[in-house]
Every structure is written in structure tokens, then in C-alpha cells.
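Novice: Residue numbers (the working numbering), protein chains in the order written: chain A, 1 to 217; chain W, 218 to 438; chain Y, 439 to 678; chain U, 679 to 918; chain H, 919 to 1166. Starting off with a structure, shown below.
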Ligand SMILES: Nc1ncnc2c1ncn2[C@@H]1O[C@H](COP(=O)(O)OP(=O)(O)OP(=O)(O)O)[C@@H](O)[C@H]1O
Ligand SMILES: Nc1ncnc2c1ncn2[C@@H]1O[C@H](COP(=O)(O)OP(=O)(O)OP(=O)(O)O)[C@@H](O)[C@H]1O
Ligand SMILES: [Mg+2]
Ligand SMILES: [Mg+2]
């Protein structure tokens, strides 16, 4: 069907782009999750009023296009503060906050899903707040939260396509570069889509599987 | 304090142009939601139909929409399909891309919502003499839309945010496009995009507030 | 008249109805009793065609319910049914619950449907709840609304499937009173129930189901006071 | 000894406990009965400090439960409590459910905790379910596991809050038997229950709560056979 | 130490180059950067005695990339507009473009005024885009679309999504010649003031700007300018870089 000039080197170039996509995603998701858990517990524990500043920041990062966040962070860190940061660093910072914002919600939802009575049972056995959190709430909340968390990780992976604005050459940008040279947009886009799909689909299915498995016990 | 001098006045003077852009952004988001919801209901029906072809079509749509970046979908709607000689204007391309994405995500939400509606509701409808389609339309769908209302609000917010990707297909009349055009002229990047960010933030807040009011009016049960 | 002729029905490997024969003439109140899983609910859903049968025939006014050519949607308008679980449509007010099917299925005008609905709702004692949402109703009120909803289609037959078993004890009475009223007005009814007192009082005949078989059928006095089979004796002993 | 002195407690505007005075000496089995919403559960959760009180005092072995200086986590180890809703930790096996607190709170070794757990689980008849997850247990078994879990902390007092009301009738017996066993072993117990027969048999005294007030308290024979107040008479009439 | 010292001390010169702007910047078959601007940056690095690092920067990102400190200088065919000079510091011009009108084969178009009423586009943020958008506004009919990259513009033109574009003659000729974009033709010169492009760096780095001026001057003087022109653009006269009648 396709008579293509695409070479093995070009495929390797795309694979490197996909590698960058995965790297940016992995870094952001790891740090974002840690931060999200901290914020999530923090919000749950402090109550709405004390947690308001954090809530606001997280809310902002969910309410402004990622593209603008990247441009602004880049302009602010680089142009205003004159910090010498690579585009990769800026991209990871923005995506980390972005991940944390959604993750905090997921964590809070997970904690909320642990029945109050189960927690009461733990406390009435003499467990401290921390023990209750560690041995009862976290394991149970994880079951509720993990499927959404996988969804989030995949979302971040897809949204990382936007980090091209800070000169990070990831999968989508690699594809555009090849389109520039080879002028086979449809074919290259299909390959690019396939790459995304191959990374994303198994994980998405795994999330669905966990959800199904855990929803009936 | 900074090595950079802010020039807010110059940037703020462009506010009217940016607000015009915000209107276009909202227009695209609203249209894409309206069409997206209709398509999502259709996809949901396809999935319920038991017909393998229709079901396969719906599943493919949903999986592609959910497993590839929105940027990809929009780029595809403009440059990809043009390889078949089908040309859409930037506005239409963006609308198609976002609508495709919305429909996929909403269909999945609807499927989840459907699970929460007891089968006995359909039975009750059928035993009053309704056809399957009537039972779906009058009984199941309204309840489904209520359960899916919050996810729908989120999707609306995402639709707003996704309009920023229109620049990749040559759109320059939406909020992000206008901002970028202004930036190309003056390079007051931080100021201009900060203003755009505030406008986006306000739009999403208005949507969320509006959704709450609508929900209060619509779902009194 | 409802005629049930040698009806068999299985779910997978599980045989639920094993050759049921039963005729319910117009005007009769038939009560069906029996243990859990004996096939009572399944019989009702087969009568109005919500479930298919494996063999045999069910005729309603002479129409074969499970024939290909039968317009089930039309047929069901004749057959009101009320289930154990409250099936109120939660997104509609009480009035809308009752007027929905008359308007959309029978094509009645808004006014026409409303008039009928108000009549039926008053009948079941909900005349003052028209604009309330079902979530604000008690279980008993929800069941009475479901009855009014079925009656608004002007059915010729009413099927009741343990309409009181999901209710708190103090609410059972109000729903049974509604059934009594209907019976006294001459409605043809099949009532699946666990309320023996009610069955004894209201029914013309009582049928006892045991593991998919109609083990006994007789007027209440006879069935309750002189049970013939061992299984009925055990059943009656357990429910007293 | 548990001493409750003039305890008041409200949730917002709703006054739930209105001056409760009660002393439970060691070794006593006290049963608490009363209508829904009369404050029985609230009293129990106040005794082990899960809820704060508005005024009055609660002393357990002389320690003021609600004093700032009291180490509640320590105190709660003395006070086992089992709730109406099954509170199994669903992600842990039966054995892990029971050993968790002894290991993490009391700092017992794995073997030590296991030994105790096996003993208590056998005690309540679950010696063969050690490695099963709670979702595979019946309600009655879950409740007995909850009792074993509380007993594994070697508490001096046990509080039971309607531990049988969420159970199917046929499972009630097995849990009540476990309570009887405990009582016969001399455990100090406060049991909130609706099982009048059980209350009559097992208790040293029965307390009747009515709208946040302890309306009557007496040995079972006296309380059940010669109720003093109108409200207790009505209550007993309704539950028979 | 100023920027110039910093670059020499660090041993690398980071240049913003736009790599979808053939023949000025592009990629070879193994996706490595090549082109006039790439060579120009390498020359500059060599003169400074450091190694060059090419940072691929789309047109709209060139100045932001500099302002955020991601690059040291821009060697990216950047028009020296007065508006931009408020933000960055330009060297003397190192190249000058004439602009051409390029159209899709299927479109009837005799000269540049044929663009009136058509769907036209150019690369967002470029000199020619700003001119073309102004023309479309002045005509009051037709549609203007700014795409993110030069490649997207020609892709859209080749697909027929655009009727015409304005681009530098060099780019237009290179793209027509390459055969990558079937179905496009050069119609006419665009009636624009020649587009002088310059190197740029931070506005206040006078030492570096000074150095850049001299470097551009030396490139012409030594014949390297003509050499690079021949290598990347082809036979013919490279544009005159001085404006008659005025000094800078
Ligand atoms: N849709 C179904 N699929 C599979 N099995 C079913 C289905 N519906 C009912 N059954 C099974 O058929 C048997 C008879 O069910 P049915 O509901 O008719 O009994 P019943 O007499 O109404 O009992 P109950 O008094 O508990 O309502 C039961 O064993 C039930 O599990
Ligand atoms: N956390 C709470 N917040 C607000 N109100 C509460 C809370 N817990 C209990 N209540 C209210 O306090 C009152 C007493 O509740 P409590 O659970 O103590 O009653 P009870 O005697 O145990 O009743 P039951 O027999 O139904 O369990 C009830 O009206 C209840 O609704
Ligand atoms: Mg049944
Ligand atoms: Mg209670």
C-alpha cells in the first residue's frame, strides 16, 4: 500500500523519540505521584481551608492548557529568573506538577473510599493514625486508586506530546521532523499513532483488568 | 529584582483581541461537546446493539481516541486526511479532532454510567409497552446523563484546554492562536501567555460553576 | 383470560419451570406462593414476554405471547406488572412516572394522560404527591406509585411479584390495602406473595409452586387448611 | 471498672446522650436495649474515645478517657469493640486480620502473635479459616473473626454493638454462642443488642435507653417482667 | 564576565537554528542538521574556538529560546524588525532574502495579486507571514492561516489546503526542486522590501553583538559568504548585504 522512503535509521529515530516520550512521562509520573500523595493526604487531613493554597495551585494546573503552562514556565524560569535549565527539566517540572494535581484528587478519592467503620475498627484496636494509614488505608485506597492512576499515567504520556514547545524532541516531534523530510504525512502519522497505541493500550487494558478484579471483592 | 522588565501595559492593551479569541475558543468547545455527546450516545448504542460490526466500530473509535494524544488526533484531522484529498479548514479540523476525542471519552463514561443503572429499570419500561429504544431514550439515558454529568463537565474543561492545539493546524483566531500571533509581533511571551492563562482559568471556573447551577436545576431528584 | 399450557423454561442447565398448566379466567384473583427459587417470578416475566419460554404456550386473550408475529409492546399494554424491587424512574416526578408510558406509548395528549394519572394516583392514595420525586417517597408509596403507573395504561390484567417483600413491616399494610381495593373492583390479578393472611383473604384460588412445578392449586380455605402434599405442609409450617 | 458520670453528647443540634450515669464493675455482663437512635452506639464509641463527649466523665480503671493527657491508643488496647457492620480488613487474610494489631501495636513477634491468634480463632470456631480472605466468609464468620481480633489484644473489657443485627437469622445463633462463651469465662462486657432472649439469659443487668436517657436499669427478670416506665412497656410490646 | 567570555569559557556555542527551512536549515538522510545556517554557526564556533551545538528551534520559538537562556545566539534567518529589536540585539545582516509567491498547480494565478481572495498561509511569526496577514486584511477577502512550521505550510500547499504562500526565493526553489512537494509552482516575486536577516543575542550583550558584527563582515570579506551561498543556494550572485545610502 505504501511506497515509502522511510529507512531503518528513521525508524530508529522514531524509537528514540518514543524513548524520550517514555522518559519524560516516567520522571514526571514518579515525582508527580509522590507529590500527589503528599498533597492528597495533606488536603484530606488539613481540611479545605488550610489546604486552600495548595488546592489553588493544583487547581490552576488543571485549568490552564498544558501548552501555556509550558510556555509560561519556560519564560518564567528562563527569561525572568534566568535559570539555565534544559527544556527537558522544564518539561518534567511542569508535567510533574500537572501529574501531582490529578494524583492528589485520586488519592483523596481513594482515602474517601475506605469505609469509616473499617478505620474505626483499626483505631479501636489501639492503632495510631499513622498505623491506620499505613496498614489499612493505604492498601485499601490503592485498590480504588490504582486504575485511575494508570489512566493518569497514560494521560500524562499522551500530553507529553506538547513538550515540543520547550524543544524536547519526543515521539510527536520526531514524527513531524520526519514528515518535513519525507513528506508522507499520513503514513508517518499512522506509525506515530501506532507507537502511542502500543505503549498505551496494554497499560490501559491492565488498568481495566485491575478495576474489574478489585471491584468484586 | 529580575533581569527582566515586565511590560504589562503593552500586553494588556491587547486584551480585547484576546477576549475575541476566548469567544472562539468557547464556541469550538461548546460545539465539540454538543456533537460529541450525540456521537457518544450513538457509540454507546452501537456497543449495546450486539451487532459485531457496529460494536467493533465503536470500540475502535473509543480505544483510538483514548490511547493517542489529542495533538495527534487534531494533526491527523488536518494533514492526515488531506492525503485523501479531503480538506478541512483549521477551524473545522480542530473541531473534528476535539469532537472525536470527546466522543471517545464520553462513550466510555456513558458505559460506566450504564452499569450503575439497574437492569430492572429497562424491564419496568418494557413492561409498560415501550420498545427497547423508547426505554433507552426515556428511562435509561436521562439517568445515564446524570451519573455522567461530572465527567462531562471535566470533558468540557478539557475541550476548552484542547483548543490551544489549534495552532498546529494553522488556527489563529482562538485564544491561544491570537496570543501566539501577538507574541510573534512583540515577544512579550511571559506577559501575553500569563494573561491568556488567566483567561483560560476564568473560563474553566465559569464552566464549572455553570455546570453546578445546571445540575442543580436539572437533577432535582 | 390467561392460558398457560405445558410451559417449560430453563436458564442454562437450570430448569426453572417444568411443565406449568394454568388458566386464569377474567375477574379471578390468583395468588401464587412457594419457596425461594421455585420459579414464581420467572412465570410472571414469561407471561408478559420479558423472558422467552423453551416450550409450551402462553395465551393472553387468545394471543400467543411468544409467537413471532405477536406485537409484544402492544400486548404488554394489557398486562400491568409490578416488581418486588421498587422500579420508580428516579429522574421523573411521580406524575411524570405515571404519564410517561401513556403519552409515549399510547400517544395520549398531556392533559389526557395527566387526568388519568391523577385519577389512578388518587386511587392508590398518592393524590397529593404529584410533583414529588420518587426519592422522597417511602417504599410503600413507591410501590403504590408503581401500581398506579401500571394502571394508567388501563391494563386488563395485573401481575404482582412480591410487591411487599422489600418493604418495612409497617409499610406492608398500605400496599396490601391497595391490592385489596383492586381485587374488590374485579381486576384480574396474579399475585406472587409471601403474605399468607392476605392470600387467604383476597384470593379466589391459591397456587403452590415447588421447584418449578405447580404442586397444588385450590381455593384458599382448602389449600391452607387441608394441604395435600408434604412439601406444602412443610412450607406452611415454616411460614407460620 | 467502667464509670460513666453524667455524660452529655450532641451531634450539632441533636442531643444524643442526655446525662448518662452508669457503673459497670469488673466481671459484669451488661446488656443495653432501646429504640433506634436512642444513643446506644454513641455511648459505646464514647467509652473508647472514638467520639468526644460534651460534658461529664468516663473513667476506665480510673483513667479519664477524654482527658488530654490520656494515651487513647494505649487505653483502647484494654477495650475491645465489635461493631454491627462487619469490619474485616478486606485486604488481609483472617490470620493477618487478627495478628496485625498485636504485632504493630503491642510489638509482638510474628510467632507470638500467630499463637495467640490461632488460639482466639479456634475459640470462636474459625481455627480452619486462617488463610482465607474475609470476602470468602459468611457474615457470622466475619463477626466471629472480629471478636477474635479484639480478643487477641487481651482486652479487659469487651463492647459489642448489635453484632448480630446485620446477620441472616440462621447465622445469629453462632455469634451469640460465642458471646455466651465469653460471658461464662468472666469477661466484663457491654452488649448492645435487640436479642431479648439472649439479654434475659446472659446479662447480669439490662439497661433500657430511651431518647438519650437511661430510663431503666435492673436485672433481666425484673426489667423484662416488671417494666416500670411506659416507654419500656411499649418497647417490649413491639419487640415481642 | 559577559556572555562572550561565558561562551569561550564553557567551550560550547549553542545556536538556535530552524531545521525545516531548507536550504538554510534542514536534516540529512540520517536526520542530522545541515544547511547554510548550520554551517554559519559552525564557522562562528570555530572563530570563537569552541564547539557548536545546534538546537532545533521552530520559528515561533526562536526568541523565547534565547530569552530563556536555552541558546546563546540565534542563527535562524531572523528578520531584523524594529519590534523584535526591542527585545533582542541584532547583528548586521548576514543574509537577505527575496520573497516569492508559490502556488498550488491547480490554482489559476498570474502574479502576486492573484492571491487576493484566496486561502493563503505562511509560517507563524515570520517576516513574510506578518506581511501576508497584513495584505489579506487590507484586501478584506480571502483567508490567512499561519502554520507552526515551514514544512507544514508547504505540506498544506501541496495537499491543496492552501492556494498560495509567500516564502523566501531560496526556500521556494529548494522545495520545488526537491520534488518533496508535488504540485507546487513559483508564480511571482512578492513585492516586499528585501528581508534582511541577522544573528541575534541578548539585547545588552554589546561585546558579543560587536563580535557578531565583525564576524559577519569577515565572512563576506573572506569569500566564505559566497562559498556557502554556492554550496547551499546555487549559482548566482549572493545578495548585497549593505543598504545603499545609509550606514549602520
Ligand atoms: N436471568 C436469570 N439467569 C439465570 N438464572 C436465573 C435468572 N432468573 C432467575 N434465575 C434462577 O431461576 C430460579 C427461579 O427463579 P425465580 O426468580 O423465578 O424464583 P422465585 O420463585 O421468584 O423465588 P423468590 O421467592 O426468591 O423470588 C432461581 O434459581 C434463580 O436463580
Ligand atoms: N456521626 C454522627 N453525626 C451526626 N449524627 C449522628 C452521628 N452518629 C449518630 N448520629 C445520630 O445520633 C443519634 C443516635 O445514634 P446511635 O447510633 O447512637 O443510636 P442507636 O441507639 O445505636 O440506634 P440503632 O439501634 O439504630 O443503632 C441518631 O439520631 C443518629 O442519627
Ligand atoms: Mg421472585
Ligand atoms: Mg447503633
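We put the beta carbon where it would ideally sit given N, CA and C, even for glycine. Just so we're clear, the structure is a prediction, and the values are computed from it rather than from any experiment.
Please list the partners that residue 302/W has in chain A, where partner means a Cβ-to-Cβ separation under 9 angstroms.
Specialist: As a position in the second chain, residue 302/W is number 85, starting the count at 1. Residues of chain A passing the Cβ test: none, with the nearest at roughly 11 angstroms.
Novice: What residues in the segment 984-995 of chain H bring their beta carbon closer than 9 angstroms to a beta carbon of chain W?
Specialist: 985, 986
Novice: Could you tell me the distance, in whole angstroms, from the CA atom of residue 725/U to the CA atom of residue 679/U?
Specialist: Numbered from its first residue, the fourth chain carries residue 725/U at position 47. Numbered from its first residue, the fourth chain carries residue 679/U at position 1. When rounded, the distance between both Cα atoms is 12 angstroms.
Novice: Note down, in chain order, all residues in the segment 1072-1099 of chain H with a beta-carbon under 8 angstroms from any beta-carbon belonging to chain W.
Specialist: Correct list: 1073, 1074, 1077, 1078, 1079.
Novice: For residue 581/Y, which three-state DSSP category applies?
Specialist: Residue 581/Y sits at position 143 when you count from the first residue of the third chain. Residue 581/Y falls in the helix class under three-state DSSP.
Novice: In its own chain, which residues sit with a C-beta less than 6 angstroms from the C-beta of residue 338/W, not counting the 5 before and 5 after it?
Specialist: The residue labelled residue 338/W in the question sits at position 121 within the second chain. Correct list, in chain order: 356.
Novice: Among the residues of its own chain, which have a CB less than 7 angstroms from the CB of residue 907/U, if the five just before and after it don't count?
Specialist: Taking the first residue of the fourth chain as position 1, residue 907/U is located at position 229. The residues are 893, 894.
Novice: Residue 762/U and residue 706/U - do their beta-carbons sit closer together than 8 angstroms?
Specialist: The sequence position of residue 706/U within the fourth chain is 28, counting from 1. The sequence position of residue 762/U within the fourth chain is 84, counting from 1. Not closer than 8 angstroms, so no.
Novice: Hey, quick one: how far does the alpha helix (DSSP H) through residue 28/A stretch, first residue to last?
Specialist: Locating residue 28/A in the first chain gives position 28, where the first residue counts as 1. Residue 28/A -> alpha helix (DSSP H) spans 8-46.
Novice: By alpha-carbon positions, which one of 364/W, 408/W, 433/W, 436/W ends up nearest to residue 229/W?
Specialist: Here residue 229/W is taken as the residue at index 12 of the second chain, counted from 1. Out of 364/W, 408/W, 433/W, 436/W, 408/W has the C-alpha closest to the C-alpha of residue 229/W.
Novice: Can you confirm whether residue 974/H, when its beta carbon is compared against all beta carbons of chain A, has any partner nearer than 8 angstroms?
Specialist: By one-based count along the fifth chain, residue 974/H stands at place 56. It does: the Cβ of residue 974/H has a partner Cβ on chain A nearer than 8 angstroms.
Novice: Alpha carbon to alpha carbon, what distance is there between residue 243/W and residue 766/U?
Specialist: Looking up residue 766/U in the fourth chain gives position 88. Looking up residue 243/W in the second chain gives position 26. Straight-line Cα distance between these residues: approximately 50 angstroms.
Novice: Since residue 703/U meets chain A, which of its residues come closer than 9 angstroms, beta carbon to beta carbon?
Specialist: Position 25 of the fourth chain, counting from 1, holds the residue named residue 703/U. Ordered by position in chain A, no residue passes the 9 angstroms Cβ test against residue 703/U, which lies about 22 angstroms from the chain.
Novice: Spell out a yes or no on whether the segment 60-73 of chain A and the segment 90-102 of chain A are touching, meaning 3 or more CB-CB pairs, one atom from each, closer than 8 angstroms.
Specialist: yes
Novice: According to DSSP, is residue 742/U part of a helix, a strand, or is it coil?
Specialist: In the fourth chain, the residue the question calls residue 742/U occupies position 64. It is a strand residue.
Novice: Since residue 647/Y and residue 470/Y are thought to touch, with beta carbons under 8 angstroms apart, how far apart are those beta carbons, to the nearest angstrom?
Specialist: In the third chain, counting from the first residue as 1, residue 647/Y sits at position 209. In the third chain, counting from the first residue as 1, residue 470/Y sits at position 32. The Cβ separation is near 6 angstroms, so the contact holds.
Novice: Find out if the Cβ-Cβ distance for the pair residue 990/H, residue 932/H is shorter than 8 angstroms.
Specialist: For the purposes of this step, residue 990/H is identified with residue 72 of the fifth chain, where counting begins at 1. For the purposes of this step, residue 932/H is identified with residue 14 of the fifth chain, where counting begins at 1. Yes.
Novice: Would you say residue 402/W lies against chain H (beta-carbon separation less than 8 angstroms)?
Specialist: Indexing the second chain from 1 puts residue 402/W at position 185. Yes - at least one Cβ of chain H is within 8 angstroms of the one on residue 402/W.
Novice: When the distance is taken between beta carbons, is residue 420/W closer than 8 angstroms to residue 239/W?
Specialist: On the second chain, residue 239/W is found 22 positions in, with the first residue counted as 1. On the second chain, residue 420/W is found 203 positions in, with the first residue counted as 1. Yes; because the gap between Cβ atoms is below 8 angstroms, this pair is in contact.
Novice: Counting only beta-carbon atoms, is residue 165/A nearer than 8 angstroms to chain H?
Specialist: The count along the first chain starts at 1 and reaches residue 165/A at position 165. Interface residue, yes.
Novice: Listed by chain order, which residues have C-beta atoms less than 5 angstroms from any heavy atom of ligand 1?
Specialist: 449/Y, 454/Y, 474/Y, 475/Y, 476/Y, 477/Y, 478/Y, 479/Y, 480/Y
Novice: For residue 699/U, which residues of its own chain have a beta-carbon under 7 angstroms away from its beta-carbon, when the five flanking residues on both sides are left out?
Specialist: By 1-based counting over the fourth chain, the position of residue 699/U is 21. For residue 699/U, where only same-chain residues beyond five positions count, the Cβ hits under 7 angstroms are 682, 683, 684.
Novice: In chain order, what residues of the same chain lie with their CB nearer than 7 angstroms to the CB of residue 1/A, ignoring the 5 residues before and after it?
Specialist: For the purposes of this step, residue 1/A is taken as residue 1 along the first chain, with counting starting at 1. Unreliable placement is indicated for residue 1/A, whose pLDDT of 41 sits below 50; no coordinate value is reported for it.
Novice: In the DSSP assignment, find the unbroken alpha helix (DSSP H) run with residue 401/W in it and report its ends.
Specialist: Locating residue 401/W in the second chain gives position 184, counting from the first residue. Element bounds for residue 401/W: 392-403.
Novice: For the candidate residues 234/W, 328/W, 223/W, whose alpha-carbon lies nearest to that of residue 257/W?
Specialist: Residue 257/W sits at position 40 when you count from the first residue of the second chain. When only C-alpha atoms are compared, the closest one is 328/W.
Novice: Given this structure, state the Cα-to-Cα distance separating residue 624/Y from residue 359/W, to the nearest angstrom.
Specialist: The residue given as residue 624/Y occupies position 186 in the third chain. The residue given as residue 359/W occupies position 142 in the second chain. Whole-angstrom Cα-Cα distance: 37 angstroms.
Novice: How would you list, in chain order, the residues of chain W whose beta-carbon sits under 8 angstroms from the beta-carbon of residue 542/Y?
Specialist: If you number the third chain from 1, residue 542/Y lands on position 104. By Cβ distance, chain W contributes 347, 351, 355.
Novice: CB residue 837/U to CB residue 758/U, shorter than 8 angstroms?
Specialist: By one-based count along the fourth chain, residue 837/U stands at place 159. By one-based count along the fourth chain, residue 758/U stands at place 80. Closer than 8 angstroms, so yes.
Novice: Please find out if some non-hydrogen atom of ligand 2 comes closer than 7 angstroms to the beta-carbon of residue 712/U.
Specialist: Along the fourth chain, one-based indexing puts residue 712/U at 34. The answer is yes for residue 712/U.
Novice: Could you name the residues of chain W that residue 1068/H contacts, counting a contact when the two beta carbons are closer than 8 angstroms?
Specialist: Residue mapping note: residue 1068/H aligns to position 150 of the fifth chain, counting from 1. Within chain W, no residue comes near residue 1068/H; the closest Cβ sits about 13 angstroms away, beyond 8 angstroms.
Novice: Do you know offhand how far residue 619/Y's Cα is from residue 561/Y's?
Specialist: Indexing the third chain from 1 puts residue 619/Y at position 181. Indexing the third chain from 1 puts residue 561/Y at position 123. Going by the C-alpha atoms only, they are around 9 angstroms apart.
Novice: Near residue 595/Y, what residues of its chain come up, given a Cβ to Cβ distance below 6 angstroms and the 5 sequence neighbours on each side ignored?
Specialist: Against the third chain, residue 595/Y aligns to sequence position 157. Counting only Cβ-Cβ distances below 6 angstroms, and skipping sequence neighbours, we find 517, 626.
Novice: What are the residues in the segment 65-86 of chain A lying within 9 angstroms of chain W by C-beta distance?
Specialist: 65, 66, 67, 68, 69, 71, 72, 74, 75, 76, 79, 80, 81, 82
Novice: Is there contact between the segment 555-572 of chain Y and the segment 414-430 of chain W, where contact requires at least three CB pairs shorter than 8 angstroms?
Specialist: no
Novice: Between residue 539/Y and chain W, is any beta-carbon pair separated by less than 8 angstroms?
Specialist: Indexing the third chain from 1 puts residue 539/Y at position 101. For residue 539/Y, the answer is yes, since a Cβ of chain W falls inside 8 angstroms of its Cβ.
Novice: Can we say the segment 339-351 of chain W touches the segment 534-548 of chain Y, given the rule of at least three CB pairs closer than 8 angstroms?
Specialist: yes
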